[in-house]
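What follows is one structure encoded as structure tokens, with my remarks underneath.
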Amino acid sequence: RRFEETADLYFVGGYAHQPNQEALEWLVGEIHPRIRAQRPEIVLHLIGEIPEDVAARYAGNGVIVHGHVASLQPFLSRCRIALAPLLSGAGVKGKVNEAMSHGVPVVATPIAAEGMFLIDGQNALIAADTEAFSNAVLRLYSNEALWSHISEQGYHNIREHFSSDAARRSLEALLRD
98 RRFEETADLY FVGGYAHQPN QEALEWLVGE IHPRIRAQRP EIVLHLIGEI PEDVAARYAG
158 NGVIVHGHVA SLQPFLSRCR IALAPLLSGA GVKGKVNEAM SHGVPVVATP IAAEGMFLID
218 GQNALIAADT EAFSNAVLRL YSNEALWSHI SEQGYHNIRE HFSSDAARRS LEALLRD
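For what it's worth, this note's numbering labels the leading residue of the sequence shown as 98, then goes sequentially.
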């Protein structure tokens, strides 16, 4: 993946899951409008099961609702940043791992970063409020050096902590004890 070959932002998550519903409301209602005020060309792609009435409310003003897609690959290839604006939830976030495993840099909330071995400015950008999250997206979107660093280090984070090799190492360590 190359910086200049990417554009846009994406979020993956089904609306039926309350943490995703909460994240989508915040993302579309507060975060993305702040981003668009600075960079009106940035488009946000929403991927996942979203009811038609909600999709109709979200669509427009630089937001495209795709709903369920057969493959994330087109978005992983062309989008510059994956967003994880989760305000609740627990455990490993598949949406974060998926993005980083494809070299897509992630802007996440502290909740989304929990349990993911993420360090702000090292392998992801982590921000807790609307202004900080919006600013992190804008900074990452326009800074090729930062984007490349976060992309590379996010990928290394996956290899170190979530790959099959990492699982094998953990299992071997458990069996030795």
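Virtual Cβ for every residue (Gly too), placed ideally from N, Cα, C.
Beta-carbon contacts of residue i that lie in its chain and below 8 Å, excluding the five residues immediately before and after
i      : result
Arg99  : none
Val140 : Ala104, Asp105, Leu106, Gly159, Val160, Ile161
Candidates the options: closest to residue i by CA position
i      : options                : result
Ala104 : Glu228, Arg175, Ala187 : Arg175
Gly111 : Arg131, Val166, Ile139 : Val166
Gly212 : Val151, Ala152, Phe259 : Phe259
Glu228 : Glu122, Arg131, Glu102 : Arg131
Glu138 : Ser239, His253, Pro182 : Ser239
Pro171 : His142, Val160, Ala153 : His142
Cβ-based neighbour list, residue i, same chain, cut-off 7 Å, excluding 5 preceding and 5 following
i      : result
Leu237 : Ile178, Pro202, Val204, Leu222, Leu243, Trp244, Ile247
Gln118 : Tyr112
Pro207 : Ile223, Ala225
Glu122 : none
Val125 : Tyr155, Val160
Met197 : Val203, Gly251, Tyr252, Asn254, Ile255
Arg133 : Ile139, Asn158, Gly159
Ala210 : Ala221, Ile223
Whole-angstrom C-beta distance between residue j and residue i, which should lie under 8 Å
i      : j      : result
Ile128 : Ser231 : 5 Å
Asn158 : Ile255 : Not a contact, Cβ separation roughly 33 Å.
Gly164 : Pro116 : Contact doesn't hold; Cβ gap of about 19 Å is too wide.
Arg136 : Leu235 : 6 Å
Ala120 : Leu173 : Wrong, their Cβ atoms sit about 19 Å apart, outside the cutoff.
Residue range of the unbroken beta strand (DSSP E) whose run includes residue i
i      : result
Gly191 : Here Gly191 belongs to no beta strand (DSSP E); instead the alpha helix (DSSP H) covers 191-198.
Val151 : It is not in any beta strand (DSSP E) - Val151 instead sits in the alpha helix (DSSP H) that spans 149-155.
Residues near residue i in its chain [Cβ-Cβ closer than 6 Å; skip 5 each side]
i      : result
Leu180 : Leu106, Phe108, Val204
Glu241 : Phe100
Asp217 : Ile223
Per DSSP, cross-strand counterpart(s) of residue i
i      : result
His142 : Tyr107, Ile161
Ala221 : Asp217
Unbroken alpha helix (DSSP H) run spanning residue i, endpoints
i      : result
Ile216 : Where Ile216 is concerned, there is no enclosing alpha helix (DSSP H), given that its DSSP letter is neither H nor E.
Ile178 : Note, Ile178: premise wrong, no alpha helix (DSSP H); beta strand (DSSP E) at 176-181.
Ala205 : Run containing Ala205: none in the alpha helix (DSSP H); it sits in the beta strand (DSSP E), 203-205.
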